[in-house]
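In the numbering used here, the protein residues as written are -12 to 299. Ideal Cβ placement from N, Cα and C applies to all residues, glycine included. Comments concern the structure below.
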């Protein structure tokens, strides 16, 4: 298999389909980025407030909940609008990325096979395969890196540093197991969306396809990781610029210009969030394109049976 040719073809496809990048990449990335930022902020302050560091009188989560409740008591008229916004955001976070990912896989596969399909049809395809894809996502999230880190962080905050020597080997073992499972689950989503298999049947088929093409899958995974690290570094340096500007905003606040600082900081934060979402959207569409093209090629190959005689 020509890995560079696949990567080059996927990158060219990404460049030629900007609508997919915006609607099927950047849009779901916006919601996942917001939740990711919130998760990182929570973990940071949860550690700071724990007995491991500053040992606050009240835990960070308790302070957040009491602050929110006090605000709602003082502004009861905002309860219903805020509740509606919260429900919409939850729906967008849990459902929109799954629907758009299913639609994106279908659109890439159909365009790769020469079918003229408008970008808006991806939503139809995403809704069609939403339930099995959502079931698979829930199953995979149970064994994700975020789940393992959350369990470790909670145990460490509640049990203290002495539990770290016990947690660390278990975490390393879980990390290795997750990475192995991730490799064998590589083609599951494509079996669900392209071949219309159920989630667990798709997992079994993905396991078999990886086993038959283990070398190709591992080498392509390593190549994608290298490309991903390079892109992440580029994103980091791009987002470093708003961080410097935010520092300037902080200096404005110290200079008795808090309103200007808040307005400028909010604008910079929103611009940085949109930029990060767009860059993540490019990465997402590019990665899905690589694996979709690889899946189509591997599943179109005819593997001879052990009983088949060679023509030679």
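- Query: Applying the criterion that 16 or more other CB atoms from any shown protein chain within 10 Å of the CB defines a buried residue, is residue 36 buried or exposed?
  - Reply: With 16 or more Cβ atoms within 10 Å of its Cβ, residue 36 is classed as buried.
- Query: So does the segment 106 to 124 actually touch the segment 87 to 97, counting three or more Cβ pairs closer than 8 angstroms?
  - Reply: yes
- Task: Taking only the alpha-carbon atoms, compute the straight-line gap between residue 296 and residue 200 and give it to the nearest angstrom.
- Result: 21 angstroms
- Query: Which first and last residues belong to the alpha helix (DSSP H) in which residue 31 is found?
  - Reply: 14 to 36
- Query: In terms of residue numbering, what span does the alpha helix (DSSP H) encompassing residue 144 cover?
  - Reply: 132 to 146
- Are the segment -8 to 1 and the segment 267 to 282 touching by the rule of at least three beta carbon pairs closer than 8 angstroms? yes
- Count the other CB atoms, across all protein chains shown, that sit within 10 Å of the CB of residue 287; report buried if there are 16 or more and exposed otherwise. Classification of residue 287: exposed, given that the 10 Å Cβ count is below 16.
- Taking residue 9 as the reference, which of 281, 174 and 264 has the closest Cα? 264
- Quick check: the segment 17 to 31 against the segment 60 to 80, are there 3 or more CB pairs under 8 angstroms? yes
- Item | Contact set for residue 34: own chain, Cβ-Cβ below 8 angstroms, skip 5 residues either direction | 40, 140 and 144
- Query: If we count the other Cβ atoms within 10 Å of its Cβ and call it buried at 16 or more, is residue 207 buried or exposed?
  - Reply: buried
- Message: Give me the residue from 266, 267, 204 and 181 with the minimum Cα distance to residue 100.
- Response: 181
- Message: For the ligand GDP, is there any heavy atom lying closer than 6 angstroms to the beta carbon of residue 255?
- Response: Judged by which ligands are present, the structure shown has none, so any question about the ligand GDP falls away.
- Item | Cα-Cα separation between residue 190 and residue 137, rounded to whole angstroms | Each residue's alpha carbon lies about 25 angstroms from the other.
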